[in-house]
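Below you'll find the structure, written out as structure tokens, and then a few comments.
Residue numbers (the numbering used here): 224 to 342.
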């Protein structure tokens, strides 16, 4: 049986003086969602390391910004521990962006790193 955590978004009904919370939407996050987000982040970073074209880096920065927005907008996103090897890959991508003076890319990599992983 798959372990599923349930989180409920609620709305408050103030039609009476007590203000009752009424379940509105149920979200069932599972490990697949978290695994896909980390997988997407890894693929985007691999593009950064493989390609030296500035126009591609601009697109990568936009993708990372979108991924960051998704993570921040996902209620109850649980950060994962980061393994040492992947942290080195992230740091290498940050260094490449820094050397090429691409601050937007560097900032978006750092934001995703801190929003997805326990660092």
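Don't be surprised by glycine CBs; every beta carbon is placed ideally from N, CA and C.
* Taking 8 Å as the cut-off, decide whether the C-beta atoms of residue 339 and residue 316 are in contact. => no
* Going by the CB atoms, is the gap between residue 334 and residue 276 shorter than 8 Å? -> no
* What is the DSSP secondary structure of residue 291, counted as helix, strand or coil? -> helix
* To do: Give the single residue among 300, 280, 341, 309 whose Cα lies nearest to the Cα of residue 330.
  => Comparing C-alpha distances from residue 330 to each of 300, 280, 341, 309 shows the shortest one belongs to 280.
* Proximity to residue 327 [Cα-Cα], best of 286, 269, 273 -> 286
* To do: Could you pull out every residue in the same chain whose Cβ sits closer than 6 Å to the Cβ of residue 325, ignoring the five residues on either side in sequence?
  => 280
* To do: Take residue 261 as the anchor and find which of 282, 306, 318, 320 has the nearest alpha-carbon.
  => 306
* Grab me the residues of residue 264's own chain with a C-beta within less than 7 Å of its C-beta, minus the 5 sequence neighbours each way, in chain order. => 290, 335, 339
* **Three-way DSSP call (helix, strand, coil) for residue 327 in this model** => It is helical.
* Asked: Just how far apart, CA to CA, sit residue 320 and residue 337?
  -> Each residue's alpha carbon lies about 17 Å from the other.
* Asked: Taking residue 318 as the reference, which of 299, 272, 301 has the closest Cα?
  -> With distances taken between Cα atoms, residue 318 lies closest to 272.
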